[in-house]
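Engineer: Line by line, the protein sequences give chains A and X. One gets the numbering used here by counting positions in the first sequence from 1 and adding 235 to each. One gets the numbering used here by counting positions in the second sequence from 1 and adding 235 to each. From the three backbone atoms N, C-alpha and C, an ideal C-beta is built for every residue, glycine too.
Protein chains: 2
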Amino acid sequence: MSGRLAVIGLGPGDPALLTPQAAASLAAATEVFGYGRYLARIPPRAGQRRHPSDNREEDARARAALALAETGAAVAIVSGGDAGVFGMAAAVFEAIEFGPPAWHALEVEVIPGISALLAVAARLGAPLGHDFCAISLSDNLKPWTTVTRRLIAAAGAGFVIALYNPASRARPWQLGAALALLRACLPGTTPVVFATAVTRPDERIALATLATADAALADMRTLVLIGSEATRRIERPAGTPWLYTPRHAP
Amino acid sequence: MSGRLAVIGLGPGDPALLTPQAAASLAAATEVFGYGRYLARIPPRAGQRRHPSDNREEDARARAALALAETGAAVAIVSGGDAGVFGMAAAVFEAIEFGPPAWHALEVEVIPGISALLAVAARLGAPLGHDFCAISLSDNLKPWTTVTRRLIAAAGAGFVIALYNPASRARPWQLGAALALLRACLPGTTPVVFATAVTRPDERIALATLATADAALADMRTLVLIGSEATRRIERPAGTPWLYTPRHAP
């Protein structure tokens, strides 16, 4: 009996940004695994079971979903944003690689979603108009020296930088340290954005510069965007200024 | 009279990956601008005018759309993938910054889309499971030395690298040069993927390694993905191997 696992990106939160493919895949699943906060976004459906788990239990969640898919069930795992960008997809494939051989024969489909990166950029204008990178500040999963090496390389090479997982109760100092490091590499006027809960009712966006950026503005729902030296700010008669990074680079 | 411009990401091509927000925004527009090939993807609608233009006419297209929005029309500009990722959004904001003051008062909404990067990653498994970057190989818009500097920085820092605009008739040698440069920075076993027209009927995916990668596999519809040293390949009893980059980094 061949099981099926869908790894689904729910997008940033606004239901109008959930793709029809993701909606159809969710509707076809009889078992849905995910972080409780993401499961709560999905409208309940008769005959569909929910398997909520905590934020930090990604490995156990992936294995539980795969084990159930192996029995022939139609299983889905959900992530906020895109499951492939610091979401559940990598945890699933890691579990497959080191799991029982039967898991290699499962049908696994990854359904892309609007990542926080794209949703935040769209809100601001076009800050990703040129070359960019995404870095997770979580040092649960890598040494802090790897993070600092990447920040220095990215700033030096002129990438716009998106920082995922900038802060949490368990990671209180990392963003402050990252901003301090970037201040040594980039002009103080470089735009910095703290974008929290984007497209959700409690959305909050704060524009700053590297000189004035306050790490306390970030929590675990925040994506922090650091411009490059080329990123420009357009003031408007009313409303938040726009940010964009020109396609032409020096 | 206050005009409105929506800058809409159509996603990679599969209509099931067009977000409801993008579909609603398209339906509300009376004038739609874009590269002809992208406009052809949108179902015709009575009372809606199309303004197709060539691939290379981004600046003129942005200005024409803004000028029409200024008259009070409901205007949309479309991009494939996400308009903010090497799409039309940066061209629009550049036109606004250097255009007439009235354009600063326009209502401009950017509607995110599933970028090629996310669609390709989803097809492959989870190659973006860790820190990554996106680089355009187009040297119309920046000196080739900027491209090489960024490639070296990204490879050295351990980013997975997505190469946009890898090849076209006007840019025949750049991808070969980029691959040669990366061979000097990364092991020959590093996975390389040529993903063309992903989610469209003529989708074509070729898995290679840095040692064997042949630049001739890319055309202007191709996204090239270069793994990091950490990216892993999972062989399967049947079907294309999966690629993923573990969340843990050394």
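DSSP three-state call for His286(X): helix, strand or coil?
Structural biologist: strand
Engineer: Quick one: list the residues of chain X neighbouring Phe496(A), beta-carbon separation under 7 angstroms, in chain order.
Structural biologist: Summary: the structure shown does not reach residue 496(A), with chain A confined to residues 236 through 485, and so no result is reported for it.
Engineer: Chain X partners of Tyr479(A), CB-CB under 8 angstroms?
Structural biologist: Ala324, Ala325, Phe328, Glu329, Glu332
Engineer: So what does Trp477(A) bridge to, in DSSP terms?
Structural biologist: Ile469(A)
Engineer: What separation, rounded to the nearest whole angstrom, lies between the Cα atoms of Leu478(X) and Ala326(A)?
Structural biologist: One C-alpha to the other measures close to 12 angstroms.
Engineer: Using a C-beta to C-beta distance shorter than 9 angstroms, which residues of chain X count as neighbours of Phe429(A)?
Structural biologist: Here the premise fails: no neighbours, minimum Cβ distance about 18 angstroms.
Engineer: For Cys420(X) and chain A, any beta-carbon pair shorter than 8 angstroms?
Structural biologist: no
Engineer: If you compare alpha carbons, which of Arg456(X), Ala443(X), Gly322(X), Pro287(X) is closest to Thr434(X)?
Structural biologist: Arg456(X)
Engineer: Which term fits Glu292(X), buried or exposed, when burial requires 16 or more other beta carbons within 10 angstroms of its beta carbon?
Structural biologist: exposed
Engineer: Is the region 351-361 of chain A touching the region 335-347 of chain X in the sense that three or more CB pairs, one from each, lie closer than 8 angstroms?
Structural biologist: yes
Engineer: List the residues of chain X that Pro472(A) touches, going by C-beta distances under 8 angstroms, in chain order.
Structural biologist: His339, Ala340
Engineer: Count the CB pairs spanning the region 411-431 of chain X and the region 366-386 of chain X that are closer than 8 angstroms, and state whether there are at least three.
Structural biologist: yes
Engineer: DSSP three-state call for Ser260(X): helix, strand or coil?
Structural biologist: helix
Engineer: Identify the continuous alpha helix (DSSP H) that holds Ala300(X) and give its terminal residues.
Structural biologist: Membership of Ala300(X) in the alpha helix (DSSP H) is indicated by the continuous run 293-305.
Engineer: Got a sec: is the Cβ-Cβ distance from Val310(A) to anything in chain X below 8 angstroms?
Structural biologist: Against chain X, the CB of Val310(A) has no partner CB under 8 angstroms away; the residue lies outside that interface.
Engineer: Along the region 342-364 of chain X, where does the CB come closer than 7 angstroms to a CB of chain A? Name the residues.
Structural biologist: Val345, Ile346, Pro347, Ile349, Ser350, Leu353, Ala354, Ala356, Ala357, Gly360, Ala361, Leu363, Gly364
Engineer: Excluding the five sequence neighbours on either side, which residues of its own chain have a C-beta within less than 6 angstroms of the C-beta of Ala491(X), listed in chain order?
Structural biologist: This structure does not reach residue 491(X), given that chain X is present from 236 up to 485, and the question cannot be answered.
Engineer: If you follow the alpha helix (DSSP H) that Ile349(X) is part of, which residue opens it and which one closes it?
Structural biologist: Ile349(X) -> no alpha helix (DSSP H), and no H or E assigned at all.
Engineer: Compute the distance between the beta-carbons of Gly238(A) and Gly307(A), then report whether it is under 8 angstroms.
Structural biologist: For Gly238(A) and Gly307(A), yes; Cβs fall inside 8 angstroms.
Engineer: Under a three-way DSSP split, which group does Ala430(A) fall into?
Structural biologist: strand
Engineer: Indicate whether Gly319(A) and Ala351(A) have their beta-carbon atoms separated by less than 8 angstroms.
Structural biologist: no
Engineer: Out of Ala251(A), Val313(A), Ala300(A), state which residue places its alpha-carbon closest to the alpha-carbon of Tyr273(A).
Structural biologist: Val313(A)
Engineer: Arg385(A) lies in the alpha helix (DSSP H); which residues open and close that run?
Structural biologist: 379-392
Engineer: I want to verify the contact list: residues of chain X whose CB lies under 7 angstroms from the CB of Ala484(A), in sequence order.
Structural biologist: Leu376, Lys377, Thr381
Engineer: Within 8 angstroms of any Cβ in chain A, is that where the Cβ of Val320(X) sits?
Structural biologist: Yes - at least one Cβ of chain A is within 8 angstroms of the one on Val320(X).
Engineer: Quick one: Cα of Pro279(X) to Cα of Arg404(X), how far?
Structural biologist: The straight-line gap from Cα to Cα measures roughly 31 angstroms.
Engineer: For Thr466(A), count neighbouring Cβ atoms within 10 angstroms of its own Cβ and tell me buried if that reaches 16, exposed if not.
Structural biologist: buried
Engineer: I'd like the span of the alpha helix (DSSP H) that includes Leu327(X), first residue to last.
Structural biologist: Per the sequence shown, residue 327(X) should be read as Val rather than Leu. Looking at the DSSP string, the run of the alpha helix (DSSP H) that includes Val327(X) is 323-332.
Engineer: Taking a cut of 9 angstroms between CB atoms, which residues from the region 274-301 of chain X lie near chain A?
Structural biologist: Glu293
Engineer: Can you tell which of Ala473(X), Glu329(X), His483(X) has its C-alpha closest to the C-alpha of Trp338(A)?
Structural biologist: Ala473(X)
Engineer: Since Ala309(X) sits in a beta bridge, which residues does DSSP pair it with?
Structural biologist: Arg239(X)
Engineer: For the alpha helix (DSSP H) holding Leu414(A), just list the boundary residues, first then last.
Structural biologist: 409-418
Engineer: Using a Cβ-Cβ cut-off of less than 9 angstroms, list which residues of the region 244-256 of chain X approach chain A; keep chain order.
Structural biologist: Gly244, Gly246, Pro247, Asp249, Pro250, Ala251, Leu252, Leu253, Thr254, Pro255, Gln256
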